[in-house]
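Student:
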Amino acid sequence: MALAATAVALLPLGYLLLRTAEGGLPTWWETVATERVARLTATSLLLALVVTLACLVIGVGSAWLVTRSNTPGRAPLAVLLALPLAVPSYVAAFTWVSVSDLWSADPGARFEGFGAAALVLTLYTYPYVYLPVAAALARVDPSQEEVARSLGCGPWRTLTTVTLPQVRPAIAGGGLLAALYVLADFGAVSILRLDTFTRAIFTALSSGFNRSMALTLATVLVLLTLAILWGEGRTRRAGARFSTATVSRPAPALDLGPWRLVGTGTLALVVLTALGVPALSLARWIAAGSSAGQAWDRIGGAAWGSLSASLLGALLTVALALPVGLLAARHPGRLSALLERAAYLAHALPGVVVGLSLVFFGVTVALPLYQTTWLLALAYASLFLPLAVAAVASAAAQAPPSLEEAAQSLGTSPARVFTRVTLPLTLPGIGAGAALVFLTAMKELPATLLLRPTGMETLATRLWSATGIGRYAEAAPYALLLVALAAIPTWVVVRRTGIVPAGAAGPLPGRAVPHPADPAPVEPVVSP
Amino acid sequence: MIRVTRLALVGALLPLTLAACTSTDEQAPASDDTTTEATDAADGGEGVAESDGTLTLYSGRNEELVQPVLDDFTSETGIEVEVRYADTAAMAAQLLEEGENSPADAFLAQDAGALGAVSAEGLLEELPQETLDLVADTYRSADGTWVGLTGRSRVLAYNTEAVPEDELPASVQELTGPEWTGRVGVAPTNASFQSFVTAMRVLEGEDAAATWLEGLAANDPQIRERNGEIVADVDSGAIDVGLVNHYYVYELAAEQGVAPEELDVALHFFPDGDTGALVNISGIGLVGEQPDADAQALVDYLLSDAGQTYFVEQTSEYPMIEGLEGPAGLPALEELETPDIDLNDLEDLQTTIGMITEAGLL
Chain A
90 MALAATAVAL
100 LPLGYLLLRT
110 AEGGLPTWWE
120 TVATERVARL
130 TATSLLLALV
140 VTLACLVIGV
150 GSAWLVTRSN
160 TPGRAPLAVL
170 LALPLAVPSY
180 VAAFTWVSVS
190 DLWSADPGAR
200 FEGFGAAALV
210 LTLYTYPYVY
220 LPVAAALARV
230 DPSQEEVARS
240 LGCGPWRTLT
250 TVTLPQVRPA
260 IAGGGLLAAL
270 YVLADFGAVS
280 ILRLDTFTRA
290 IFTALSSGFN
300 RSMALTLATV
310 LVLLTLAILW
320 GEGRTRRAGA
330 RFSTATVSRP
340 APALDLGPWR
350 LVGTGTLALV
360 VLTALGVPAL
370 SLARWIAAGS
380 SAGQAWDRIG
390 GAAWGSLSAS
400 LLGALLTVAL
410 ALPVGLLAAR
420 HPGRLSALLE
430 RAAYLAHALP
440 GVVVGLSLVF
450 FGVTVALPLY
460 QTTWLLALAY
470 ASLFLPLAVA
480 AVASAAAQAP
490 PSLEEAAQSL
500 GTSPARVFTR
510 VTLPLTLPGI
520 GAGAALVFLT
530 AMKELPATLL
540 LRPTGMETLA
550 TRLWSATGIG
560 RYAEAAPYAL
570 LLVALAAIPT
580 WVVVRRTGIV
590 PAGAAGPLPG
600 RAVPHPADPA
610 PVEPVVSP
Chain B
196 MIRVTRLALV
206 GALLPLTLAA
216 CTSTDEQAPA
226 SDDTTTEATD
236 AADGGEGVAE
246 SDGTLTLYSG
256 RNEELVQPVL
266 DDFTSETGIE
276 VEVRYADTAA
286 MAAQLLEEGE
296 NSPADAFLAQ
306 DAGALGAVSA
316 EGLLEELPQE
326 TLDLVADTYR
336 SADGTWVGLT
346 GRSRVLAYNT
356 EAVPEDELPA
366 SVQELTGPEW
376 TGRVGVAPTN
386 ASFQSFVTAM
396 RVLEGEDAAA
406 TWLEGLAAND
416 PQIRERNGEI
426 VADVDSGAID
436 VGLVNHYYVY
446 ELAAEQGVAP
456 EELDVALHFF
466 PDGDTGALVN
476 ISGIGLVGEQ
486 PDADAQALVD
496 YLLSDAGQTY
506 FVEQTSEYPM
516 IEGLEGPAGL
526 PALEELETPD
536 IDLNDLEDLQ
546 TTIGMITEAG
556 LL
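Chains as they are written, first to last, in my numbering: chain A, 90 to 617; chain B, 196 to 557.
1) Would a check of beta-carbon distances place residue 384/B closer than 8 Å to chain A?
2) Please classify residue 456/B as buried or exposed, where buried requires at least 16 neighbouring CB atoms within 10 angstroms.
3) Please look up how many angstroms separate the CB atoms of residue 181/A and residue 367/A, rounded, as I've assumed it's under 8 Å.
4) Starting from the C-beta of residue 542/A, find all residues in its chain whose C-beta is less than 7 Å away, skip the five residues before and the five after it, and write them out in chain order.
5) Are residue 382/B and residue 435/B close, meaning C-beta to C-beta below 8 Å?
6) Helix, strand or coil for residue 288/A? Go by DSSP, reduced to three states.
7) Which chain B residues sit within Cβ distance under 7 Å of residue 441/A?
8) Could you pull the start and end residues of the alpha helix (DSSP H) that residue 251/B belongs to?
9) If contact is defined by three or more beta carbon pairs under 8 Å, each pair taking one atom from either stretch, is the stretch 265-278 of chain B in contact with the stretch 539-554 of chain A?
10) Should the stretch 246-262 of chain B be regarded as contacting the stretch 297-316 of chain B, the criterion being three or more beta carbon pairs within less than 8 Å?
11) Kindly indicate if chain B contains any beta-carbon less than 8 Å away from that of residue 569/A.
12) Hey, could you find the ends of the beta strand (DSSP E) residue 344/B is sitting in?
13) Nearest-angstrom Cα distance between residue 106/A and residue 99/A?
14) Do the CB positions of residue 289/B and residue 539/A come within less than 8 Å of each other?
15) Examine chain A for any beta-carbon lying closer than 8 Å to the beta-carbon of residue 279/B, and answer yes or no.
16) Could you run through the stretch 157-171 of chain A and flag, in chain order, every residue whose CB is less than 8 Å away from some CB of chain B?
17) Determine whether the Cβ of residue 447/B lies closer than 8 Å to any Cβ atom of chain A.
18) Which value, in whole angstroms, describes the spacing of the CA atoms of residue 237/A and residue 390/A?
19) With a threshold of 8 Å between beta-carbons, can residue 452/B be considered close to chain A, or not?
20) Could one say the Cβ of residue 534/B lies closer than 8 Å to chain A's Cβ atoms, at least one of them?
21) Distance, Cα to Cα, residue 147/A vs residue 215/A?
22) If the cut is a Cβ gap below 8 Å, which residues of chain A does residue 249/B touch?
23) Would a check of beta-carbon distances place residue 101/A closer than 8 Å to chain B?
24) So, at 8 Å on beta carbons, what are the nonlocal neighbours of residue 217/B in its own chain, with the 5 sequence-adjacent residues on each side left out?
25) Is it the case that the stretch 130-140 of chain A contacts the stretch 261-277 of chain A, given that we only count it when at least three CB pairs across the two stretches are under 8 Å?
26) Given residue 477/B, which residues of its chain have a CB within under 8 Å of its CB, disregarding the five upstream and five downstream residues?
27) Can you tell me where the alpha helix (DSSP H) holding residue 351/A begins and where it ends?
28) Run through DSSP, which three-state label would residue 228/B get?
29) Can you tell which of 222/A, 506/A, 231/A and 96/A has the C-alpha that lies nearest to the C-alpha of residue 258/A?
30) Does DSSP classify residue 474/B as helix, strand or coil?
31) Indicate the three-state DSSP secondary structure (helix, strand or coil) for residue 279/B in the structure shown.
32) Quick one: is residue 500/A buried, meaning 16 or more other Cβ sit within 10 Å of its Cβ, or exposed?
33) If the cut is a Cβ gap below 7 Å, which residues of chain A does residue 296/B touch?
34) Comparing C-alpha positions only, which one of 464/A, 423/A and 172/A sits nearest to residue 401/A?
35) Do residue 144/A and residue 264/A have their CB atoms nearer than 8 Å?
36) Can you name, in chain order, every residue of its own chain whose Cβ lies under 6 Å from the Cβ of residue 353/A, other than the five neighbours on each side?
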């Protein structure tokens, strides 16, 4: 099963190999060994590095603040912090550019280039880190931290030596997703005019109709992904730890004292910048334009298209991710690691390349599925499998395998162990993964345009049509609904993963130290 | 726990559902199971061309601009049009990838370059001579595989407050001069800009084109991703002038809900056959097995008085057939002093893109 799932992710790669082989290795080398490719590599990698580091700081920091501190307003903030993920990068970048006249009257100082791209990508990518880390933090058994505190460790030392290592798989997985997202993103870098691989691929395709050039550049992107995966794998080998929680109880919130207001302020600033700029820009579009009325007749059909295609894509992706993620977490070894890593390979490819590879797959192998929602869902699975695999694997890594072993030793069948023990334990992770895929699929544009059933519209395709001829007022409602719809699963996930304590509408009274009446069972940390 | 079991059930059933749908969806992409209600209204060529009353159109042009005229076509002929909309370039790549298996019957493209790329792979069928003869040689394929449907002129959009009419340049060559430093908007990733540079290479030679691009790059140009952004920035005064296609001004006026004359952006057509006055086309070609009477009927309709009038009035583009007036408020196509060039000569975009990249504009 895991093999079949990985095969889906490898479809685009097979296509790339096939097309590259047609040209031959010498041609490939000739295209690749140029100064431009070297420059593209440097820019793409630097951007990925800068954005990933920034995402780790914002993502882990905010996850800790909303789950482990008494920062006021953390319940609503926990939900709001996930929302920037619902804003497609092309909308984000375009709205940032179109409000830049507010703070700069000089057209020469246009909002573009490396800094602009890094800022925009960070603001809309950090939830890839925030969501899994927050979910993991909410589930970590606090007993080990309590032991550390009772043995005299300060809060900072406890955090860095006990808490963070326990959620390390979530941090590494989130960082990896952020890095690959940056490599694959086209919207932001094209609008903010930063010459990266994706932009060069699109340019080759769109202005020269040069498929072989575009696909050759894509193979280099795959090599970069391999390098990043190798690097991340090395940090991971240092050892994931299983928490041995047998009870799940919320960790006590740390009292930050006066600093808690700084926490609120910082989180609010992140949310306000990320969501406020697009909101302001969309409001201006509606106010200035005359085409808003056009949207209302069409928005229902487009919303249905978005929801149905993304839901199907999310279900398919999660179904494929389960065997890969569980295998990686439960039976660590060369094969499972290889399969899990392979799931990531296509993730850094731009949507248009994955879309074209599925066009090829559709017309040569699965003609009956071509231009049906099923092939589109398969494309989403191919593109977004890692989102779900990472979520499943990190959730499974935190669920103690001893419970499964116990169930098995009591004579429970493997299938029943899966449904009664493994699945409930990993469900928050699966839920988060499904929601991530769902959100990301809703925003996806290039592959959707290539593979959707003829005549099917989604909010993203409507947004693309309207902005294509400058009807920004019409575009604004689609963009707003896209974000609003994406907000619903985000909210559900945030509640379910336990980031927000149930019933905590407002700030909880903070408890600086663990309750003395909690006799936490002391158990050793188990290394696999 | 109930919730959990249900999810497990979904997981277990999903492969089954997938398998079931594989068999039921089998006929979905094919269009030949639709009832043949429509007769071949266009030219009544029974026996020669097949008609099943439907056709699949791949449109690289925007839905807002194209769908109304397709609706007119359907109510006129009874032929249903299934349309896929996408970006012209991505759609050309898609057609190339689909090859012989393409469900498309016709490809409506934003520019001649895309049609040429698809035609070069042998995927476009030859059009009948009567159809080709409706359009001037310059605006159709030399091998008869595509025809132009509408003409769009390259222009200099200028802000009427910032640039008095007597200061307008007589040639694009002047835009590399010091008086235009930091004032010129261009969209180098745009196909229309690249066609124009290709035309300059053909007309004035490779060296002249390279020199111009370098001069432009050194003159602190205002680079935008799209023509529409340039026109909006010229109107707002952020940029003084910009090299664009003529109809973007009409899009901007429509979005702002005002007449084009009320905008602060106006059009300057370069005189004396300057390369800056290149007229490019949007066009159509037939894909797959021909003759297909339905697809041919669509081409005929789009080149009829009714079809051409739609484009003139609704998208402010120039008609391709004789005897029709151009868009109101614009000089007629015959009055434009366009450069003497055949669009068939603009196929070599590779070199152009290399030069634009070299100049640091991309």
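Beta carbons: idealized from backbone N, C-alpha and C, even for Gly.
Tutor: Based on what the coordinates show:
1) yes
2) exposed
3) 6 Å
4) 460, 461 and 462, listed in sequence order.
5) At the C-beta level, residue 382/B and residue 435/B stay beyond 8 Å of one another.
6) DSSP places residue 288/A within a helical segment (H, G or I) once states are collapsed to three.
7) 285
8) Counting along the chain, residue 251/B falls outside any alpha helix (DSSP H), though it belongs to the beta strand (DSSP E) covering 249-254.
9) yes
10) yes
11) No, its Cβ sits nowhere closer than 8 Å to a Cβ of chain B.
12) 341-354
13) 11 Å
14) yes
15) yes
16) none
17) yes
18) Cα atoms of residue 237/A and residue 390/A: separation of roughly 55 Å, rounded to the nearest angstrom.
19) Residue 452/B counts as touching chain A.
20) Residue 534/B is outside the set of residues whose beta carbon lies under 8 Å from a beta carbon in chain A.
21) 6 Å
22) Against chain A, a Cβ distance below 8 Å from residue 249/B picks out nothing, because the smallest value is about 11 Å.
23) no
24) Low local confidence applies: a pLDDT of 37 at residue 217/B is under 50, so the model's placement there is unreliable, with the coordinate-based value given in what follows. Within the same chain, residue 217/B has no close Cβ partners at all.
25) yes
26) These residues qualify, in order along the chain: 256, 303, 304, 305, 306, 343, 344, 345, 347 and 512.
27) 348-377
28) The predicted position of residue 228/B is uncertain, since its pLDDT is 38 and thus under 50; no value can be drawn from it.
29) Of the listed residues, the one whose Cα sits closest to residue 258/A is 222/A.
30) strand
31) strand
32) exposed
33) 452 and 456
34) 464/A
35) Yes.
36) 160, 161 and 162
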